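See structure below.
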Amino acid sequence: MFPSLDFAHFYDPSQREGFCRQFVSTLQEYGFVKLINHGIPDAQIDQAFAAARHFFELLVEEKLKSPHPPTANPHRGFSPVGLENVGAVSDYGSPGHSPYLKDMKESYDIGSECDPLYKNIWPPPEVDDTFQPTFTSFFEAGYRTELAILRALSIGLGLPEHWLGQLHAAQTNELRITHYPAVAREDFAHSTRIATHTDFGTITLLFQDAVGGLQVEVPPHSGQFEDIDSGGPYECILNAGDCLQMWTGLHSARHRVHLPDQFKEEQSDGMVPERFSIAYFAKPDRDAILRPLMGEDNPEGEYLTANEFQHMRIAGTY
Numbered sequence: 001m002f003p004s005l006d007f008a009h010f011y012d013p014s015q016r017e018g019f020c021r022q023f024v025s026t027l028q029e030y031g032f033v034k035l036i037n038h039g040i041p042d043a044q045i046d047q048a049f050a051a052a053r054h055f056f057e058l059l060v061e062e063k064l065k066s067p068h069p070p071t072a073n074p075h076r077g078f079s080p081v082g083l084e085n086v087g088a089v090s091d092y093g094s095p096g097h098s099p100y101l102k103d104m105k106e107s108y109d110i111g112s113e114c115d116p117l118y119k120n121i122w123p124p125p126e127v128d129d130t131f132q133p134t135f136t137s138f139f140e141a142g143y144r145t146e147l148a149i150l151r152a153l154s155i156g157l158g159l160p161e162h163w164l165g166q167l168h169a170a171q172t173n174e175l176r177i178t179h180y181p182a183v184a185r186e187d188f189a190h191s192t193r194i195a196t197h198t199d200f201g202t203i204t205l206l207f208q209d210a211v212g213g214l215q216v217e218v219p220p221h222s223g224q225f226e227d228i229d230s231g232g233p234y235e236c237i238l239n240a241g242d243c244l245q246m247w248t249g250l251h252s253a254r255h256r257v258h259l260p261d262q263f264k265e266e267q268s269d270g271m272v273p274e275r276f277s278i279a280y281f282a283k284p285d286r287d288a289i290l291r292p293l294m295g296e297d298n299p300e301g302e303y304l305t306a307n308e309f310q311h312m313r314i315a316g317t318y
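If you read the sequence shown in the working numbering, its first letter stands for residue 1, the second for the next number, and so on.
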């Protein structure tokens with residue numbers, strides 16, 4: 001159902017304009033798009049997933065040597081199952097109310113090593129000596145890919161080519177590695193892997209294994225969710241976030257990770273296997289103003305900075 005676009009066309013001068021228009025029109029319709037040839041090498045993706053699996057297989061007491069603080073900020077370090085619950089803010093932008101479902105996941109949050117405000121929290125070398133270099137490198141690759149994608153969006157929207165990129169110069173982005181442990185099928189009656197939500201930033205680049213369970217609300221505000229089939233770990237699933245919607249009107253789709261489609265029928269052992277994902281959240285510079293970039297502006301209006309908006313959204317999740 002969801003289109004897959006070849007980002008290599010962006011680098012072909014004869015196809016660039018058409019690709020950028022198609023890219024924007026797909027996000028307008030779905031809020032999501034699949035990308036291949038996005039720029040992050042397959043080998044680097046394999047290395048990142050191997051490092052994620054190695055870390056999450058450690059004993060809990062070892063993982064807790066690099067803990068996320070019990071509050072929303074700084075958004076760094078390891079969060080065990082139950083520390084964060086996206087369901088607490090899952091109704092943002094929705095006219096209705098969703099049932100509160102507890103998230104069944106553990107995660108690790110990473111920022112730029114150049115961030116002057118929040119320092120990264122890394123596993124001690126005696127716990128895991130490959131985690132830091134692997135994900136520092138992946139973060140840098142994500143930023144390079146982000147800038148190329150923002151150029152394509154700018155062109156497709158009819159903005160100057162570097163318009164969106166110049167609002168993301170400070171690399172206030174976040175990288176999240178998530179492990180959804182194997183759970184009994186019946187647990188989905190009162191819990192979910194991650195509750196219905198929109199992403200807070202500009203765009204999200206998601207890489208996932210083949211287990212499935214990612215679903216997006218189609219059409220918007222319908223309460224109906226469609227499965228996004230996994231094309232494997234090298235496919236990037238990109239979605240628009242709240243900041244991009246406020247700037248451009250592109251749809252920030254509500255999505256969730258729930259019971260995979262292939263497990264909706266009763267299974268012999270009643271277990272849903274573990275799932276791994278890596279999400280790179282591209283976020284605006286903290287002082288960027290969230291006012292419309294296109295169409296009519298309201299000179300009397302009061303607009304949040306990206307930092308104010310991010311704090312407002314994340315405050316309820318911890």
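Yeah, the Cβ is synthetic: ideal placement off N, Cα and C, and Gly gets one too.
Everything numeric in this text was worked out from a predicted model, so none of it was measured.
Assignment of beta-bridge partners to Asp12 by DSSP yields no partner. Per the DSSP secondary-structure output, Asn173 pairs with nothing in a beta bridge.
The shortest CA-to-CA distance from Gly270 to any of Gln245, Glu186 and Thr202 is the one to Glu186. As the crow flies, the alpha-carbon of Asn73 is around 45 Å from that of Ser14. Residue pairing of Ile237 in beta bridges, as defined by DSSP: Lys34 and Leu206. As computed with DSSP, Leu5 is found in a beta bridge with Leu35. Each of Leu150, Pro260 and Ala152 was checked against the Cα of Val183, and the nearest Cα belongs to Pro260. When C-beta atoms of the stretch 235-250 are compared with those of the stretch 198-210, three or more pairs fall below 8 Å, so the two segments count as touching. When the beta-carbon positions are compared, His162 and Arg144 stay at least 8 Å from each other. DSSP places Arg291 in the coil class of the three-state scheme, outside both helix and strand.
C-alpha of Ala48 to C-alpha of Glu146: approximately 18 Å in a straight line. Annotated three-state conformation of His162 is coil, per DSSP. Listed in chain order, the beta strand (DSSP E) runs fully inside the stretch 20-84 are 32-36 and 77-79, counting runs of at least 3 residues. The beta carbon of Val24 sits closer than 8 Å to the beta carbons of Leu153, Gly156, Leu157 and Leu250 from its chain, once the five residues preceding and following it are set aside; these are given in chain order. The alpha carbon of Pro125 has as its nearest neighbour, out of Leu164, Ser112, Lys65 and Thr178, the alpha carbon of Lys65.
Membership of Phe225 in the beta strand (DSSP E) is indicated by the continuous run Phe225 to Asp227. Ala282 sits in a strand when the DSSP states are folded into three classes. Ranking Asp115, Tyr180 and Glu217 by CA distance to the CA of His168 puts Asp115 first. Within the same chain, Cβ atoms closer than 6 Å to the Cβ of Tyr108 are found at Phe78 and Ile177, the five residues on either side in sequence being excluded.
In the three-state reduction of the DSSP assignment, Thr136 falls in the helix class. Taking C-beta separations shorter than 8 Å and ignoring five residues to either side along the sequence, the partners of Phe263 in its chain run Arg185 and Val272, following chain order.
Following the DSSP letters along the chain, one finds Ala195 in no alpha helix (DSSP H) but inside the beta strand (DSSP E) bounded by residues Ile194 to His197. Nearest in C-alpha terms to Lys105, of all of Val257, Ala43, Phe281 and Lys283, is Val257. Here Tyr11 is exposed: its Cβ has fewer than 16 other Cβ atoms, across all protein chains shown, within 10 Å. Taking the C-beta atoms as reference points, Leu175 is found no nearer than 8 Å to Val127.
By the Cβ test, the stretch 28-39 is in contact with the stretch 202-220, since at least three Cβ pairs between them sit closer than 8 Å.
Counting the other Cβ atoms within 10 Å of the Cβ of Ser277 gives 16 or more, which makes it buried. By the Cβ test, the stretch 229-236 is not in contact with the stretch 281-297, since fewer than three Cβ pairs between them sit closer than 8 Å.
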